[in-house]
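Quick notes on the structure that follows.
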Amino acid sequence: MIARRVVPMAIAIVAGLVMAVSYFVRSIEWMGEAAADVFNVIAAIAFVLGAGSLLKANLSAISRRDRGWGYAAVTLAAFLITLVVGMAKIGVNPSPDAPQAAWSGSQQTAGTPFGWIYEFILSPLTATMFALLAFYVASAAFRAFRAKNTAAVLLLVTAFVVLLGRTYAGVVLTDWMPAWASGLRLENLSSYVMAVFGTAGNRAIMIGIALGVAATGLRILLGLDRSWLGGGGSA
Amino acid sequence: MSVLDRLDRLDRRWIFLAMFVAVAAPILYIGVTGRTLPEKVTSTSRAVYEAIEATPEGSRVLFAFDFDPASAGELQPMATDLMRHCAARKLRIVCIALWPLGNNLAEETIANVIGADFPHMRDGVDFVNLGFQSGQQQVMTVLTTNFRKGFPVDERGRDTADLPILQGVKTVADFPLLVDVGAGYPGAKEWVQYVVTGLKGSMRMVAGTTGVSTPQLFPYYPDQLAGILAGIKGAAEYEMLVNEGLGGAPAAKYMEAQRRMGPQLSGHLLLVGLIVLGNVIHFRRSRGGQA
Amino acid sequence: MTRQRLTWLVLVVLFAGLLAWRGFTGHGLGRVYVERGEVSLARERAPADAPAASVPRWRSVPVEQAEVRWTTWSKVPPKAHFEAEARDPGQDRVVLSWPRTIGLWVAAFLTLAIFSFLYADNPAYRFTEAVVVGVSAAYWMVVGFWDVVVPKLLATLMPETVQAMVQPTLKIPQFSPWWPETWDTASDAFDPWLQQWGAMALALLLGLMLMWRLLPRGGWIAGWPLAFIVGVTAGRRMVTQVESDLMEQAASTMQSVVPTAQGLSAWDWAWAALPGVLVLVGVVCCLCYFLFSVQHRGVVGGAARVGVWYLMITFGAAFGFTVMGRIALLADRVEFLFDDWLWIIDPNHLRG
Chain X
1 MIARRVVPMA IAIVAGLVMA VSYFVRSIEW MGEAAADVFN VIAAIAFVLG
51 AGSLLKANLS AISRRDRGWG YAAVTLAAFL ITLVVGMAKI GVNPSPDAPQ
101 AAWSGSQQTA GTPFGWIYEF ILSPLTATMF ALLAFYVASA AFRAFRAKNT
151 AAVLLLVTAF VVLLGRTYAG VVLTDWMPAW ASGLRLENLS SYVMAVFGTA
201 GNRAIMIGIA LGVAATGLRI LLGLDRSWLG GGGSA
Chain V
236 MSVLDRLDRL DRRWIFLAMF VAVAAPILYI GVTGRTLPEK VTSTSRAVYE
286 AIEATPEGSR VLFAFDFDPA SAGELQPMAT DLMRHCAARK LRIVCIALWP
336 LGNNLAEETI ANVIGADFPH MRDGVDFVNL GFQSGQQQVM TVLTTNFRKG
386 FPVDERGRDT ADLPILQGVK TVADFPLLVD VGAGYPGAKE WVQYVVTGLK
436 GSMRMVAGTT GVSTPQLFPY YPDQLAGILA GIKGAAEYEM LVNEGLGGAP
486 AAKYMEAQRR MGPQLSGHLL LVGLIVLGNV IHFRRSRGGQ A
Chain U
527 MTRQRLTWLV LVVLFAGLLA WRGFTGHGLG RVYVERGEVS LARERAPADA
577 PAASVPRWRS VPVEQAEVRW TTWSKVPPKA HFEAEARDPG QDRVVLSWPR
627 TIGLWVAAFL TLAIFSFLYA DNPAYRFTEA VVVGVSAAYW MVVGFWDVVV
677 PKLLATLMPE TVQAMVQPTL KIPQFSPWWP ETWDTASDAF DPWLQQWGAM
727 ALALLLGLML MWRLLPRGGW IAGWPLAFIV GVTAGRRMVT QVESDLMEQA
777 ASTMQSVVPT AQGLSAWDWA WAALPGVLVL VGVVCCLCYF LFSVQHRGVV
827 GGAARVGVWY LMITFGAAFG FTVMGRIALL ADRVEFLFDD WLWIIDPNHL
877 RG
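Protein sequence lines, in the order shown, are assigned to chains X, V and U.
Quick note on numbering: this note's numbering labels position 181 of the first sequence as 181, and the sequence is numbered without any gaps.
Quick note on numbering: this note's numbering labels position 209 of the second sequence as 444, and the sequence is numbered without any gaps.
Quick note on numbering: this note's numbering labels position 340 of the third sequence as 866, and the sequence is numbered without any gaps.
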């Protein structure tokens with residue numbers, strides 16, 4: 001009980017208080033700095049944890065001969081090749097500033113095997129995965145965007161103003177408007193929508209989130225919120 | 236079966252094809268002819284340009300690469316133009332990355348802009364790449380009290396305490412300008428929250444952001460964020476300003492954002508057309524259903 | 527043969543035909559060229575008064591004077607090769623890079639494999655997806671190790687090793703955690719060293735505890751570092767977000783109502799104040815809509831209704847911006863296929 005609930009709660013409370021108070025009190029700034037620095041290194045170690053979980057999941061999929069286990073093997077092979085090539089800095093020359101140290105060169109140097117993996121596999125693949133969304137957004141717009149009520153009409157009209165106003169179409173369509181009505185030209189209207197309505201809406205959302213974050217933070221610092229420990233348990 | 240019925244049951248792959256053609260055709264046309272569209276500059280983009288122009292020559296600028304190749308289509312043109320502008324203004328550029336792949340993009344941008352067009356700039360003196368650090372906004376927290384602890388070595392493995400460009404830098408507040416090219420978390424929002432707001436105006440910040448994350452940044456402009464490049468359109472506007480400001484015929488690589496506005500135009504028009512068509516079908520059918 | 531298979535076949539044949547046609551016209555298809563360079567370095571002579579153990583500095587020297595040398599190959603535009611060949615046919619300075627050319631074709635096929643998902647789920651897409659998952663996990667791990675763990679954690683806890691293998695300029699502290707007799711508490715360097723060493727030792731300990739999650743038993747051990755992560759995140763986020771997203775936003779909202787420009791007529795003043803007033807009204811109305819502890823009736827109900835309109839406009843604009851972003855990403859990939867791979871267009875004048 002103590003090790004599973006009391007100690008973690010105490011750690012969270014102390015760490016949270018240090019981070020909150022050190023923002024205001026200069027004499028203990030170093031504590032906040034040290035805690036954040038520890039956090040940063042743990043974040044790097046967490047990459048190992050992520051990779052380990054992936055490895056575990058894929059290995060068990062292969063050993064159980066789950067459906068599509070061949071793809072798990074592909075993932076595993078891609079993982080291991082990238083890992084070995086990167087960790088061993090294969091093909092990386094030392095840094096010209098320190099040629100006496102064999103491992104001083106950057107593993108990300110272009111033209112090395114690890115650089116090759118980045119340039120020709122990781123970079124094009126992640127970019128293309130995200131590019132797919134352009135197609136789905138088009139399909140969804142055709143199927144789901146319906147002007148069913150006032151609110152939906154407002155949403156649609158704004159979307160049109162922004163879509164047209166943020167390309168040359170806006171200029172072509174409304175450039176004929178006289179100077180006194182220039183505020184209604186699509187490109188100006190789209191700027192105005194963002195500067196006024198978009199700002200107001202997003203600001204209200206931000207204020208709401210800030211209040212929520214403050215409340216959650218306080219509950220964690222006071223030990224009232226224990227949901228993050230798992231298994232429920234909020235006072 | 237009526238036309239509307241057919242359209243209503245349209246296989247979505249035809250829509251995919253239409254989108255591909257809408258994007259590909261202008262790319263081919265612009266790629267062959269080299270023609271681009273004139274953009275009207277909005278105030279947020281102009282503010283970015285003016286903030287960099289107002290930074291005194293020789294000042295240090297912190298340049299954060301908070302994106303990865305997944306967003307490079309939108310953000311890389313901005314990063315290129317921003318770095319070119321900073322270099323041409325003789326600012327001393329300190330690059331960092333809070334995204335693991337941001338470091339690669341920083342290296343590419345440095346090679347493409349400084350390496351190619353500003354060869355007199357010395358690595359470690361006029362510019363430097365400090366590489367990636369994990370921890371997201373907690374890296375920012377460390378930078379607010381101890382810059383060297385946040386980035387102990389640069390990308391080439393040199394101790395940051397020895398770098399001439401960082402002499403006199405104790406905390407992030409020693410940079411008068413922060414340029415962030417960010418795709419999301421951590422990015423421009425976190426820089427505003429964790430660094431810029433607390434510095435109470437001693438550091439100005441400009442940001443180039445993706446279309447998805449831009450709307451959330453508008454409430455910070457202009458009090459906490461001096462300027463925003465809103466997606467590829469913001470990049471194109473800023474690119475025009477920089478090209479006009481620096482004069483002469485810009486190299487083709489400094490026209491990338493403006494070239495991209497061609498496929499944007501046809502893609503946006505297609506989207507508007509699809510929404511209108513979808514609604515026409517819906518209302519015709521629902522009216523038919525009622526009758 | 528099913529209709530789907532027939533479509534696939536037609537698509538593939540059509541594409542292969544176009545590729546072959548493209549390959550035999552103009553400059554042909556995508557290739558990558560590299561230029562050879564030499565790095566030749568020698569130690570700088572140390573000044574007479576330098577301590578014996580000081581780290582040598584290196585400088586570029588002509589090849590014949592080099593103590594260390596290696597060859598580099600950097601990517602150049604294809605036109606550099608065409609020009610070099612025109613000047614000196616058969617030269618070996620700017621040459622075709624087979625690994626990078628193969629890489630370019632791999633990238634192109636992987637890109638097409640992902641796009642193929644738009645037609646239907648298929649093994650090529652599944653394979654590519656599996657590759658990207660494996661590569662990214664390992665890539666992040668490698669970057670985390672070399673960019674963070676080595677220069678921060680290992681450089682503090684094992685400075686001699688890091689100095690010898692990775693970072694010769696690393697300064698070895700005069701204190702050792704294992705030998706208290708080296709501790710000079712009066713030294714200015716002692717406190718920073720102790721803080722840094724303590725922090726990194728703690729980071730290592732918590733990091734190892736976090737790894738416990740991978741083991742079948744004792745998962746609660748990972749709860750301690752998790753608690754630390756939660757505490758640090760919540761503590762600082764709470765104060766910064768209240769300052770930046772609550773106080774500053776409230777201040778900006780109110781300040782924008784009063785125009786700062788001097789010498790305005792009453793009409794111009796009102797006109798200049800209008801956006802600020804609209805923002806203020808919008809923020810208040812949206813917050814009314816978010817207020818769930820009060821029934822949305824009467825004034826609050828009316829305000830909440832206006833708030834919904836504001837929010838709809840906000841979401842409509844956000845949709846527009848999202849579309850803009852997505853199309854930009856697609857344009858980037860299409861440009862890669864047409865420019866880098868197929869050499870159909872040359873917007874950056876890399877080939878002539």
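No residue lacks a Cβ here, since even glycine has one placed at the ideal position from N, Cα and C.
- Cβ-Cβ separation between X:Ser104 and X:Ala98: approximately 4 Å, consistent with a contact (criterion under 8 Å).
- With the criterion set as a beta carbon lying under 9 Å from some beta carbon of chain U, the members of the stretch 39-56 of chain X are Phe39, Asn40, Val41, Ile42, Ala43, Ala44, Ile45, Ala46, Phe47, Val48, Leu49, Gly50, Ala51, Gly52, Ser53, Leu54, Leu55, Lys56, in sequence order.
- Using a Cβ-Cβ cut-off of 9 Å, X:Thr82 is close to Gly660, Val661, Ser662, Ala663, Ala664, Tyr665, Met667, Val668 of chain U, given in chain order.
- U:Phe671: not part of any beta strand (DSSP E); DSSP gives it neither H nor E.
- Shown in chain order are the members of the stretch 86-105 of chain X whose Cβ falls below 7 Å from a Cβ of chain V: Ser95, Asp97, Ala98, Ser104.
- By the CB criterion at 8 Å, U:Met850 and V:Gln499 fall inside the cutoff.
- DSSP places V:Met440 in the uninterrupted beta strand (DSSP E) bounded by 439-444.
- Selection V:Ser306, V:Arg319, V:Gly483 evaluated against V:Ala351 yields V:Arg319 as nearest (Cα-Cα).
- Going by DSSP, X:Leu222 is part of no beta strand (DSSP E) at all; its letter is neither H nor E.
- By the rule that beta-carbons nearer than 8 Å mark a contact, X:Phe135 touches chain V.
- Residues of chain X with a Cβ closer than 9 Å to the Cβ of V:Phe353 do not exist, since the nearest Cβ in that chain sits about 19 Å away.
- From the listed residues V:Val296, V:Val388, V:Pro312, V:Arg391, the smallest Cα separation to V:Asp361 is found for V:Val296.
- Taking 8 Å as the cut-off, the Cβ atoms of X:Gly86 and U:Tyr836 do not count as close.
- Unbroken alpha helix (DSSP H) stretches of 4 residues or longer found wholly inside the stretch 808-856 of chain U: none.
- Taking 8 Å as the CB threshold, X:Gly198 lines the interface with chain U.
- For X:Gly111, the closest Cβ of chain U is nearer than 8 Å.
- For the pair V:Gly462 and V:Leu310, the CB atoms are not nearer than the 8 Å cut-off.
- In the DSSP assignment, the residues bridged to V:Asp415 are V:Ala299, V:Ala442.
- If you look at V:Ala486, you'll find it isn't in any alpha helix (DSSP H); DSSP assigns it neither H nor E.
- Proximity of chain V to X:Tyr118 at the Cβ level (cut-off 8 Å) is accounted for by Leu336, Asn339, in chain order.
- Residue range 594-602 is occupied by the beta strand (DSSP E) that includes U:Thr598.
- Interface flag for U:Lys678 against chain V is set, since a Cβ pair is found closer than 8 Å.
- Taken through DSSP and simplified to helix, strand or coil, V:Phe410 comes out as coil.
- At a C-beta separation below 9 Å, X:Val171 has these neighbours in chain V: Leu272, Pro273, Glu274, Lys275.
- For U:Thr840, the residues of chain V that pass the 8 Å Cβ criterion are Pro450, in the order they occur in the chain.
- Neighbourhood of V:His503 in chain U, by CB distance below 9 Å: Gly846, Val849, Met850, Ile853, in chain order.
- Considering only beta carbons, the part of the stretch 385-406 of chain V lying closer than 7 Å to chain U consists of Pro387, Val388, Gly392, Arg393, Asp394, Asp397, in chain order.
- Straight-line spacing of the CA atoms in X:Ile45 and X:Tyr118 works out to 21 Å.
- Not a single CB atom of chain X sits nearer than 8 Å to the CB of U:Ala606.
- In this structure, the beta-carbon distance from V:Ala418 to V:Ser369 does not fall below 8 Å.
- The alpha-carbon separation between V:Gly513 and X:Lys148 amounts to approximately 12 Å.
- Residues are counted here when their Cβ sits less than 9 Å from a Cβ of chain U; for the stretch 355-370 of chain V these are Gly366, Phe367, Gln368, Ser369, Gly370, given in chain order.
- Listed along the chain, the chain U residues whose CB falls inside 7 Å of the CB of V:Gln493 amount to none; the nearest CB is some 11 Å away.
- The shortest CA-to-CA distance from V:Ala486 to any of V:Val348, V:Gly366, V:Glu342 is the one to V:Val348.
- By the neighbour-count criterion, in which a residue is buried when 16 or more other Cβ atoms sit within 10 angstroms of its Cβ, V:Ser521 is exposed.
- By the Cβ rule, the stretch 124-135 of chain X does not count as touching the stretch 694-713 of chain U, because fewer than three pairs are nearer than 8 Å.
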